[in-house]
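Colleague:
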Amino acid sequence: MISAIFNWEDPLNLESQLNEEEILLKDTFRAYCQEKLLPRVLEGNRHEVFDRKIMNEMGELGVFGCTLKGFGCSGASNVTYGLLAREAERVDSSYRSALSVQSSLVMTPIYLFGSEEQKNDYLPKLAKGELVGCFGLTEPNHGSDIGAMESNISYSKEEKSLVLNGAKTWITNAPIADAFVIWARHVEDKRIKGVVLRRDSPGLRTSKIQGKFSLRASETGMIFMDNVKISEDQILPKALGLSAPFTCLTSARLGIAWGAMGAAESCLAAARQYTMERQQFKKPLAANQLMQKKMADMMTEIALGLQSCLHVSRLKDDDLLVPEMVSLLKRNNCGKALEIARVARDMLGANGISDEYNIIRHMMNLEAVNTYEAKNLNLKSPHLECPVVFEIDRMLSGVVQGKTPARPLQNMRNTLYEVKTSFAWANLMPG
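Following the numbering used here from start to finish, the sequence shown increments by one per residue and tops out at 433.
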């Protein structure tokens, strides 16, 4: 005899597959998001405002860099990180973006590729939300074409120092950031390096991008670097080549895949409530089979999307993850969430375009989420050259410890780097 009861909010019983710690952290953060973030989002979205205090509040909850160990971080599972991203985006993609950038794109590169001094200087304050970080990769002339990066590090005889020049755009948190993880090409060896800058660095300035119709409650901006003097101890010593920023993006994309499902769940809940309460022709809209089919389709895609997120996150916890898995998840879940938001908006008729019902806000946000950190079309393309380049980068990282002969590997990588220009780079790279 079946004793279980079907729960439309958790059709495949995801909750039963979580451990006690994951459930506790999820429930605690959900309460915060619903009680503290949800009341702020309407005004934040209408007026393009992000409340800086949110970073301190999230820091107090210990959600930033939660998968890292030490430096004020809890060493939680990757499943936990995904669950937190889901709860933040259930309210708004802007808040999940703040969480993703701080955790995966700022703290992760410092943790994985930084020196002990860099880790001690930045990670504890980033974990508490005392510092806000941003990740400078995308450039005005090069979106997914990271191989054509123009930002560069060179030696200036005039300054008698290394200097950083270039510009970055569409950078989350840039207008309010205290710490900047910037990716640039070193003129001497042509390799991509990571540099950590402070807000007060001479020659560094930012501007806010306004007039967005998506992620309006997020601080998004441009970064300009004009002969910014840097020292060797500002360069991330273990970040060798493109594999470094893409490692960070893989971590962030997993959170995005979870988060998109949170936005989709919010849309489904709003559409369900509306159609059950809205009376037309003497019966609720939800009594019509067409509405029921739409909701069944939404529920199915959300349930399957969450199960795939859970599975891949467990694989990451067991060190069995490969980046292509996350690319598939990001592409599928963001696309499905956007489709769900569009259908849900249509189910509300004219009310669907009112921001008081939240769906149109999620829909507009998901247009951006579906694009950033590798747009849908880029993720459809097979990975041809990049796994080889990435593997060489990983092997070269062993040179630091004297494990591998450097010169042959460096020559091979440089040859591949030159060959890549004959390909459509954006379609070969996972980002």
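Using N, Cα and C, we set each Cβ at its ideal position, and we do this for glycine too.
Quick one: give me the first and last residue of the alpha helix (DSSP H) that GLY84 is part of.
Modeller: Taking the sequence shown and counting its residues from 1, the one referred to as residue 84 is at position 82. Unbroken alpha helix (DSSP H) run through GLY84: 80-93.
Colleague: Should ILE194 and GLY243 be called a contact, given that it needs their Cβ atoms to be closer than 8 Å?
Modeller: Within the sequence shown, the letter at position 192 stands for residue 194. Within the sequence shown, the letter at position 241 stands for residue 243. A contact, by the Cβ cut-off of 8 Å.
Colleague: Give the straight-line distance between the Cα atoms of ARG333 and VAL371, rounded to the nearest whole angstrom.
Modeller: Residue numbering aside, residue 333 sits at position 331 when the sequence shown is read from its first letter. Residue numbering aside, residue 371 sits at position 369 when the sequence shown is read from its first letter. For ARG333 and VAL371, the distance between alpha carbons rounds to 10 Å.
Colleague: Nearest-angstrom Cα distance between ILE155 and LEU107?
Modeller: Walking along the sequence shown from the start, residue 155 turns up at place 153. Walking along the sequence shown from the start, residue 107 turns up at place 105. The straight-line gap from Cα to Cα measures roughly 20 Å.
Colleague: When the Cα of LEU340 is compared with those of LEU322, VAL314, ASN353, GLU267, which residue comes out closest?
Modeller: Residue mapping note: residue 340 aligns to position 338 of the sequence shown, counting from 1. Minimum Cα distance to LEU340 is reached at GLU267.
Colleague: If we ignore side chains and look at the alpha-carbon of each, how far apart do LEU40 and GLY354 end up?
Modeller: Taking the sequence shown and counting its residues from 1, one reaches residue 40 at position 38. Taking the sequence shown and counting its residues from 1, one reaches residue 354 at position 352. Going from the Cα of LEU40 to the Cα of GLY354 covers about 18 Å.
Colleague: Are the beta-carbon atoms belonging to GLY61 and GLU132 less than 8 Å from one another?
Modeller: Within the sequence shown, numbered from 1, the residue matching residue 61 stands at position 59. Within the sequence shown, numbered from 1, the residue matching residue 132 stands at position 130. In this structure, GLU132 lies closer than 8 Å to GLY61 by Cβ.
Colleague: From the DSSP output, in three-state form, read off LYS284 for me.
Modeller: On the sequence shown, position 282 is the one that residue 284 refers to. Here LYS284 sits in coil by DSSP.
Colleague: How is TYR157 classed by DSSP in three states: helix, strand or coil?
Modeller: As a first step, residue 157 must be located in the sequence shown, where it is residue number 155. Three-state result, TYR157: strand.
Colleague: If you drop the 5 nearest sequence neighbours on each side, which residues of the same chain put their C-beta closer than 6 Å to that of ALA176?
Modeller: Within the sequence shown, residue 176 is the residue found at index 174, counting from 1. So the list reads CYS136, THR208, GLY223, ILE225, once near-sequence residues are dropped.
Colleague: Throw me the rounded Cβ distance for the LEU238 and GLY116 pair, which I believe falls under 8 Å.
Modeller: Within the sequence shown, residue 238 is the residue found at index 236, counting from 1. Within the sequence shown, residue 116 is the residue found at index 114, counting from 1. Going by Cβ atoms, the distance from LEU238 to GLY116 rounds to 5 Å, so yes, they are a contact pair.
Colleague: Return the CA-CA distance between CYS75 and PRO126, expressed in angstroms with no decimal places.
Modeller: Working through the sequence shown from its first residue, we reach residue 75 at position 73. Working through the sequence shown from its first residue, we reach residue 126 at position 124. Between CYS75 and PRO126, the C-alpha separation is close to 8 Å.
Colleague: Of the residues PHE66, GLY84, ALA169, ALA179, which one's Cα is nearest the Cα of LEU317?
Modeller: What you label residue 317 is simply residue 315 of the sequence shown in a count that begins at 1. Answer by Cα proximity: GLY84.
Colleague: When we look at the beta-carbon of GLN403 and count the other beta-carbons within 10 Å, is it buried (16 or more) or exposed?
Modeller: Along the sequence shown, one-based indexing puts residue 403 at 401. Residue placement at GLN403 cannot be trusted, given a pLDDT of 48 that sits under 50; what the coordinates show is reported in the next sentence. The residue in question, GLN403, is exposed, as its Cβ has fewer than 16 Cβ neighbours within 10 Å.
Colleague: Does the region 246-262 come within contact of the region 280-291, defined as at least 3 CB pairs closer than 8 Å?
Modeller: Not touching, per the Cβ criterion.
Colleague: Compute the distance between the beta-carbons of THR373 and SER253, then report whether it is under 8 Å.
Modeller: Residue numbering aside, residue 373 sits at position 371 when the sequence shown is read from its first letter. Residue numbering aside, residue 253 sits at position 251 when the sequence shown is read from its first letter. Their beta carbons are not under 8 Å apart, which means THR373 does not touch SER253 by this criterion.
Colleague: Give the secondary structure of VAL183 by DSSP, where H, G and I count as helix, E and B as strand, and everything else as coil.
Modeller: For this step, residue 183 is matched to residue 181 along the sequence shown. It is a strand residue.
Colleague: Go through its chain and collect everything with a Cβ distance to CYS269's Cβ below 6 Å, but skip five positions before and after it.
Modeller: Along the sequence shown, one-based indexing puts residue 269 at 267. Only ILE342, ALA343, ALA346, ILE361, HIS364 meet the Cβ criterion.
Colleague: Can you name the residues that DSSP bridges to GLU141?
Modeller: By 1-based counting over the sequence shown, the position of residue 141 is 139. HIS144, per the DSSP bridge assignment.
Colleague: Let's test the definition: count the other Cβ atoms within 10 Å of the Cβ of LEU27 and tell me whether it reaches 16, buried, or not, exposed.
Modeller: Here the question's residue 27 lines up with position 25 in the sequence shown. LEU27 should be labelled buried.
Colleague: Could you give the distance in angstroms between the alpha-carbon of GLN19 and the alpha-carbon of SER95?
Modeller: For the purposes of this step, residue 19 is taken as residue 17 along the sequence shown, with counting starting at 1. For the purposes of this step, residue 95 is taken as residue 93 along the sequence shown, with counting starting at 1. Rounded to whole angstroms, GLN19 to SER95 spans 25 Å at the Cα level.
Colleague: Once DSSP output is grouped into helix, strand and coil, what is the label at ALA343?
Modeller: Your numbering for residue 343 matches position 341 in the sequence shown. DSSP places ALA343 in helix when its eight states are reduced to three.
Colleague: Mind checking whether ILE232 and VAL197 have CB atoms under 8 Å apart?
Modeller: Numbered from its first residue, the sequence shown carries residue 232 at position 230. Numbered from its first residue, the sequence shown carries residue 197 at position 195. Yes, the pair counts as a contact, with Cβ atoms nearer than the cut-off.
Colleague: How about ARG201 and ASP180: are their beta carbons less than 8 Å apart?
Modeller: Looking up residue 201 in the sequence shown gives position 199. Looking up residue 180 in the sequence shown gives position 178. Yes. Within cutoff.
Colleague: Could you please give me the residues that DSSP links to LYS2 through a beta bridge?
Modeller: Residue 2 cannot be examined here, being either before or after the span of the chain that is shown, 3 to 433.
Colleague: For ASN167, name the three-state secondary structure that DSSP assigns.
Modeller: As a working note, residue 167 is residue 165 in the sequence shown. Here ASN167 sits in strand by DSSP.
Colleague: Only counting the same chain, and skipping five residues up and downstream in sequence, which positions put a Cβ closer than 7 Å to that of ASN143?
Modeller: As a first step, residue 143 must be located in the sequence shown, where it is residue number 141. Answer for ASN143: GLU152, listed in chain order.
Colleague: Between LEU217 and ASN367, is the Cβ-Cβ spacing less than 8 Å?
Modeller: As a first step, residue 217 is located in the sequence shown; it is residue number 215 there, counting from the start. As a first step, residue 367 is located in the sequence shown; it is residue number 365 there, counting from the start. In this structure, ASN367 lies closer than 8 Å to LEU217 by Cβ.
Colleague: Check this for me: beta carbons of SER102 and PHE66, under 8 Å apart or not?
Modeller: On the sequence shown, position 100 is the one that residue 102 refers to. On the sequence shown, position 64 is the one that residue 66 refers to. No. Outside cutoff.
Colleague: Tell me the DSSP secondary structure of GLY463 in three-state form.
Modeller: Residue 463 cannot be examined here, being either before or after the span of the chain that is shown, 3 to 433.
Colleague: ILE211 to GLU221, Cα distance in whole Å?
Modeller: Here residue 211 refers to the residue found at position 209 of the sequence shown. Here residue 221 refers to the residue found at position 219 of the sequence shown. Answer to the nearest angstrom: the Cα atoms are 8 Å apart.
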